[in-house]
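From first to last, the protein sequence lines stand for chains A and B.
The working numbering puts the first residue of the first sequence at 2, with every later residue one more than the last.
The working numbering puts the first residue of the second sequence at 2, with every later residue one more than the last.
A quick write-up on the structure given underneath.
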Amino acid sequence: MKIEAIGVSGLKRSLKCAADYLSLNADILDNLNVFPVPDGDTGVNMLSTLKPAVDALLADEAGSCAEAWALLSEQANKHSRGNSGFILACFIRGFSKRLASGDQITAELIRGGFDSGSYAARSSLLSPVEGTMVTIISAMTEAMAETESGDIAELLDSALNRGRKEILQTPRLLPVLSRAGVVDAGGLGFIFVIEGIRRGLIGVQPKSEKEQDYRFQPELSVAEEDEEALCYRFCTEFTVERKGQLPWPELKAFLEQRGDSIAVVQEEEYFKLHIHTNAPEEIRAKMAEQGSILASKADDMAEQINMGVKANQNNQAVSVLAVVSGSGFRSIFHDLEAAACLQYGDRLPSSGEILEVLEEMDTENIIVLPNHKNIIPAAMLAQKKSNKHVFLLPTENVVQGITALYGFNEQDSPQQNIRSMEDCLDLAVCLKVYQSSRDTRYGRVEIKKGDFFVLRGEDILAVDALLASAVERGLAELELDEAGCVSFYYSDAFDRSRTAELEQRVQRLQDPLEVEFHYGGQSASVLIVAVE
Amino acid sequence: MVIVADSSLQLSFETIKQLNIQVVEYPLFVNNEPYPVSMSMSGEEKERLRLLIKDKKNNVSTSGLKEEDLHRAFERFKDQKILTIHQSARMSTITASVLQKVKSELPDMDIELFDTHHMVAAYTVQVLLAARALQAGMAYPELMDTMKRNRKNTRHVGSVYDLFFLQRSGRIGRAKAILGTAMKIIPLLGSSEEAGVLRNIGKAKTFQQANQKFVAAMTEDMEAKKARRVTALISRIGPYDRETSHLKQLIEQQGWEAEVQILATNHSAMPHAGPEFYDLGYTVHED
Numbered sequence: 002m003k004i005e006a007i008g009v010s011g012l013k014r015s016l017k018c019a020a021d022y023l024s025l026n027a028d029i030l031d032n033l034n035v036f037p038v039p040d041g042d043t044g045v046n047m048l049s050t051l052k053p054a055v056d057a058l059l060a061d062e063a064g065s066c067a068e069a070w071a072l073l074s075e076q077a078n079k080h081s082r083g084n085s086g087f088i089l090a091c092f093i094r095g096f097s098k099r100l101a102s103g104d105q106i107t108a109e110l111i112r113g114g115f116d117s118g119s120y121a122a123r124s125s126l127l128s129p130v131e132g133t134m135v136t137i138i139s140a141m142t143e144a145m146a147e148t149e150s151g152d153i154a155e156l157l158d159s160a161l162n163r164g165r166k167e168i169l170q171t172p173r174l175l176p177v178l179s180r181a182g183v184v185d186a187g188g189l190g191f192i193f194v195i196e197g198i199r200r201g202l203i204g205v206q207p208k209s210e211k212e213q214d215y216r217f218q219p220e221l222s223v224a225e226e227d228e229e230a231l232c233y234r235f236c237t238e239f240t241v242e243r244k245g246q247l248p249w250p251e252l253k254a255f256l257e258q259r260g261d262s263i264a265v266v267q268e269e270e271y272f273k274l275h276i277h278t279n280a281p282e283e284i285r286a287k288m289a290e291q292g293s294i295l296a297s298k299a300d301d302m303a304e305q306i307n308m309g310v311k312a313n314q315n316n317q318a319v320s321v322l323a324v325v326s327g328s329g330f331r332s333i334f335h336d337l338e339a340a341a342c343l344q345y346g347d348r349l350p351s352s353g354e355i356l357e358v359l360e361e362m363d364t365e366n367i368i369v370l371p372n373h374k375n376i377i378p379a380a381m382l383a384q385k386k387s388n389k390h391v392f393l394l395p396t397e398n399v400v401q402g403i404t405a406l407y408g409f410n411e412q413d414s415p416q417q418n419i420r421s422m423e424d425c426l427d428l429a430v431c432l433k434v435y436q437s438s439r440d441t442r443y444g445r446v447e448i449k450k451g452d453f454f455v456l457r458g459e460d461i462l463a464v465d466a467l468l469a470s471a472v473e474r475g476l477a478e479l480e481l482d483e484a485g486c487v488s489f490y491y492s493d494a495f496d497r498s499r500t501a502e503l504e505q506r507v508q509r510l511q512d513p514l515e516v517e518f519h520y521g522g523q524s525a526s527v528l529i530v531a532v533e
Numbered sequence: 002m003v004i005v006a007d008s009s010l011q012l013s014f015e016t017i018k019q020l021n022i023q024v025v026e027y028p029l030f031v032n033n034e035p036y037p038v039s040m041s042m043s044g045e046e047k048e049r050l051r052l053l054i055k056d057k058k059n060n061v062s063t064s065g066l067k068e069e070d071l072h073r074a075f076e077r078f079k080d081q082k083i084l085t086i087h088q089s090a091r092m093s094t095i096t097a098s099v100l101q102k103v104k105s106e107l108p109d110m111d112i113e114l115f116d117t118h119h120m121v122a123a124y125t126v127q128v129l130l131a132a133r134a135l136q137a138g139m140a141y142p143e144l145m146d147t148m149k150r151n152r153k154n155t156r157h158v159g160s161v162y163d164l165f166f167l168q169r170s171g172r173i174g175r176a177k178a179i180l181g182t183a184m185k186i187i188p189l190l191g192s193s194e195e196a197g198v199l200r201n202i203g204k205a206k207t208f209q210q211a212n213q214k215f216v217a218a219m220t221e222d223m224e225a226k227k228a229r230r231v232t233a234l235i236s237r238i239g240p241y242d243r244e245t246s247h248l249k250q251l252i253e254q255q256g257w258e259a260e261v262q263i264l265a266t267n268h269s270a271m272p273h274a275g276p277e278f279y280d281l282g283y284t285v286h287e288d
């Protein structure tokens with residue numbers, strides 16, 4: 002159905018839906034926020050600007066769309082917060098200039114309103130940067146100018162199509178986005194606002210957007226700009242009652258010497274300043290010379306960045322599930338940052354048991370370390386059945402599992418982790434020492450009941466009636482020149498009074514070589530030996 | 002033109018003098034009392050300080066550069082262009098603010114602030130290269146271009162044997178500080194894509210593994226830039242002669258045209274990195 006005009010009730014419904022849309026998806030904007038400062042507050046700032054303005058509008062009895070929009074503009078300016086909130090408020094303010102009179106809003110008025118809003122947003126900034134919200138607003142304004150239709154829904158559709166296309170180009174325009182693998186958060190927030198208006202207009206509920214749709218592989222090769230890292234710490238804003246004309250060239254020079262991300266909106270009765278600076282007190286004193294300070298704030302962006310990094314870590318978390326054969330290994334793997342361990346005894350775990358743990362874990366991206374050749378098929382089956390993003394690193398023994406974790410970094414993507422964990426798999430050689438429970442033959446080697454034998458994979462390296470001798474002979478088969486440490490992981494069957502003797506035997510083979518003993522608690526082998 | 006740096010510089014006193022680098026000291030406190038430090042501290046004096054830091058009952062800390070010290074340093078060279086080069090503003094926001102403030106208070110002086118985006122050895126390698134270029138007669142615009150290029154091509158990696166100190170100074174969380182304690186795992190830190198921010202780049206059980214990881218990172222950078230030349234500084238706190246010699250040797254074995262120096266860490270980095278630490282800062286030359 003063609004919508005040629007909107008009245009006050011339609012406008013209120015649309016703007017309420019815009020605030021709801023923004024509210025539903027604000028977290029995504031916070032997570033994507035890297036420019037001008039990665040302080041993770043774009044969603045919060047835009048919502049803090051729009052929501053109170055819409056709430057005030059809903060509580061008001063505005064008689065015309067022009068009155069309603071004027072109230073929205075006044076309230077958005079009053080509540081505007083942060084860079085993105087400030088630009089959004091400027092756009093709303095500019096838009097209102099085209100609605101000076103009129104009970105209804107038409108497609109023609111929306112075209113003009115976007116044109117005027119786009120100009121107001123750009124001109125409020127001392128140095129507009131392409132690849133940000135102003136680029137998206139301009140692109141959507143252009144799309145509207147090219148659409149001749151009188152149907153408001155069609156007009157918004159064309160603007161949104163252009164905006165959604167353009168937002169994917171923002172990393173090309175702004176290298177900091179490219180390096181972070183994200184689109185511009187402020188520009189996307191503006192799209193969410195217009196998407197909400199469109200949905201409110203045609204009676205469709207807001208939907209949750211997918212953050213992943215706005216992320217891509219970071220381009221680490223993109224050249225770093227010559228910008229300084231967080232030179233200005235405080236995101237500072239002042240609303241000042243005007244005494245008269247602002248001494249603009251002098252004030253501009255004063256501000257430019259003390260900060261960046263500077264935006265100024267001048268109304269008849271007051272003006273509002275946004276600046277990132279290290280000298281909020283100096284700015285305050287200067288503002289006080291221009292008139293009474295009605296409102297002010299100075300947020301510490303360094304603090305916000307720290308908090309944002311922590312929050313982001315939770316949202317994109319990747320964690321590790323290690324399958325282990327003893328309680329000692331459980332704590333070792335936990336120490337090495339495995340989020341979960343599935344411990345088994347004599348019987349190897351089934352795919353169902355692995356799947357159960359995967360589903361219980363509170364992260365979507367999970368790397369599984371089976372740590373046993375015969376557990377790999379069950380882990381593969383669990384990977385297929387799980388609804389989560391499960392990555393299998395087919396570690397064949399527990400030593401490979403431990404060294405794989407040397408390459409794990411929870412801040413990296415699963416793919417980056419898999420690569421760096423794979424690189425660590427060969428950092429250690431794993432030997433297993435068993436005691437035979439009966440007379441037997443292993444290939445061509447005779448093993449008597451009670452003998453200790455040392456395996457490297459499927460190969461038998463040594464057999465001896467004495468544990469220390471078997472270990473020494475097994476280790477002697479390896480190249481120890483480049484080794485720095487031998488770690489023994491022992492089971493309950495190991496006699497701990499033997500540790501000193503084992504240490505001596507190892508150091509007899511190679512000195513200096515560190516020797517460590519850790520309780521593994523495995524059920525089959527007496528010792529698992531890691532040589533690294 | 003004169004180069005001003007801060008005491009997180011790891012060069013020896015002799016090199017600093019020879020390259021005519023002016024150093025502003027970060028004040029150091031032991032249990033809230035000022036502790037006498039200087040770039041000319043002897044090896045014994047540094048070791049005494051290291052042992053004080055190692056005793057975790059002592060609270061050893063630094064504060065930001067003092068305004069009056071910067072004023073004094075800058076005013077000595079008021080008739081010259083001053084290029085003041087510092088460690089990452091992101092990691093030392095107070096100092097960054099003080100530098101901006103002092104610069105704005107001296108509008109008649111020609112002061113250029115340069116944030117290296119790095120710390121410790123990776124900060125030092127950039128100062129070293131800048132000072133050498135200046136001494137060789139490089140003009141200001143070319144020097145700035147070179148410094149910006151060097152900054153992009155510098156990486157920082159290090160082995161921190163005890164994360165307690167980084168945790169105490171708020172640079173990492175508590176959970177990370179107890180990482181693999183029982184297993185005696187060596188946490189490896191390195192510069193990230195985000196200027197001035199250190200990140201976990203892995204773990205190692207032995208120093209050989211750690212050094213191999215560092216050299217792998219270097220190899221990656223050398224290949225990415227198709228470079229043959231690299232300047233590398235290794236700074237160490239604590240008894241890590243064997244470890245740092247191994248790293249130096251490993252780098253020299255790669256067949257690059259590599260200048261590698263091992264330096265005994267100066268005092269300012271110690272309270273943050275702790276008493277058991279070595280790091281590598283290197284700049285890859287794109288020629």
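Where a beta carbon is used, it is the ideal one built from N, C-alpha and C, also for glycine.
Computed from a predicted model, the values in this text were never measured in an experiment.
For the segment 185 to 215 of chain B, the residues whose beta carbon sits under 9 angstroms from a beta carbon of chain A are, in order, Lys185, Ile186, Leu189, Ser193, Glu194, Glu195, Ala196, Gly197, Val198, Arg200, Asn201, Ile202, Gly203, Lys204, Ala205, Lys206, Thr207, Phe208, Gln209, Gln210, Gln213, Lys214.
Against chain A, the CB of glutamine 101 of chain B has a partner CB under 8 angstroms away; the residue lies at that interface. Residues of chain B whose Cβ lies closer than 7 angstroms to the Cβ of leucine 428 of chain A are, in chain order, Gln210.
By the neighbour-count criterion, in which a residue is buried when 16 or more other Cβ atoms sit within 10 angstroms of its Cβ, arginine 237 of chain B is buried. Nearest neighbour of alanine 341 of chain A by Cα position, chosen from A:Leu426, A:Gly329, A:Arg123, A:Glu361, turns out to be A:Glu361. Out of B:Val216, B:Val158, B:Gln213, B:Val25, the CA that lies nearest to the CA of phenylalanine 278 of chain B is found in B:Val158.
By the criterion of a C-beta distance shorter than 7 angstroms, lysine 226 of chain B is surrounded in its chain by Asn154, Val285, Glu287, once the five residues flanking it on both sides are discounted. Between leucine 432 of chain A and glycine 485 of chain A, the beta carbon gap of about 16 angstroms keeps them out of contact (Cβ cut-off 8 angstroms).
With contacts defined by Cβ atoms closer than 8 angstroms, histidine 335 of chain A and glutamate 365 of chain A do not form a contacting pair.
Residues are counted here when their Cβ sits less than 8 angstroms from a Cβ of chain B; for the segment 250 to 284 of chain A these are Gln258, Arg259, Asn279, Ala280, given in chain order. Between the alpha carbons of leucine 394 of chain A and proline 371 of chain A lies a distance of about 8 angstroms. Look at serine 105 of chain B: its C-beta is under 8 angstroms from a C-beta on chain A.
Distance check between lysine 166 of chain A and each of A:Lys244, A:Arg180, A:Ile192 places A:Ile192 closest, using alpha-carbon atoms only. For cysteine 486 of chain A, the residues of chain B that pass the 8 angstroms Cβ criterion are Lys206, Thr207, in the order they occur in the chain.
Excluding five sequence positions before and after alanine 477 of chain A, the CB atoms of its chain that fall closer than 7 angstroms to its own CB belong to Leu510, given in chain order. For proline 188 of chain B, the uninterrupted beta strand (DSSP E) run begins and ends at 187 to 192, by DSSP. The continuous stretches of alpha helix (DSSP H) do not include glycine 65 of chain B, and DSSP gives it neither H nor E. Neighbourhood of serine 98 of chain B in chain A, by CB distance below 7 angstroms: Arg234, Asn279, in chain order. Counting only residues of its own chain and dropping the five nearest sequence neighbours on each side, histidine 118 of chain B has a CB closer than 7 angstroms to the CB of Ser89, Arg152, Ala196, Gly197. Listed in chain order, the beta strand (DSSP E) runs fully inside the segment 264 to 300 of chain A are 271 to 278, counting runs of at least 3 residues. Under the three-state reduction of DSSP, asparagine 398 of chain A is assigned to coil, being neither helix nor strand. Secondary structure of glutamine 417 of chain A (DSSP, three-state): helix. Under the three-state reduction of DSSP, threonine 441 of chain A is assigned to strand. As a beta-bridge residue in DSSP terms, threonine 107 of chain A pairs with A:Ala6. Exposure of aspartate 347 of chain A is indicated by the presence of fewer than 16 other C-beta atoms within 10 angstroms of its C-beta. Under the Cβ criterion of 8 angstroms, tyrosine 215 of chain A is not counted among the residues facing chain B. Comparing C-alpha distances from valine 31 of chain B to each of B:Ser269, B:Met219, B:Leu281 shows the shortest one belongs to B:Ser269. The continuous beta strand (DSSP E) containing glycine 159 of chain B extends over residues 155 to 161. By the CB criterion at 8 angstroms, phenylalanine 489 of chain A and leucine 467 of chain A fall outside the cutoff. Assignment of alpha helix (DSSP H) within the segment 441 to 483 of chain A, counting only whole runs of 4 or more residues, yields 468 to 477 in chain order.
Looking at the backbone, the Cα of alanine 140 of chain A and that of alanine 186 of chain A are separated by about 16 angstroms. Per DSSP, the continuous alpha helix (DSSP H) segment holding isoleucine 168 of chain A begins and ends at 153 to 168. Under DSSP, glycine 203 of chain B forms a beta bridge with B:Leu189.
By the Cβ criterion, the segment 101 to 108 of chain A is in contact with the segment 151 to 165 of chain A, since at least three pairs of Cβ atoms, one from each stretch, lie closer than 8 angstroms.
The C-beta of histidine 519 of chain A comes closer than 8 angstroms to at least one C-beta of chain B. Think of a sphere of 8 angstroms around the beta carbon of glutamine 412 of chain A: the chain B residues whose beta carbon falls inside it are Arg200, Asn201, in chain order.
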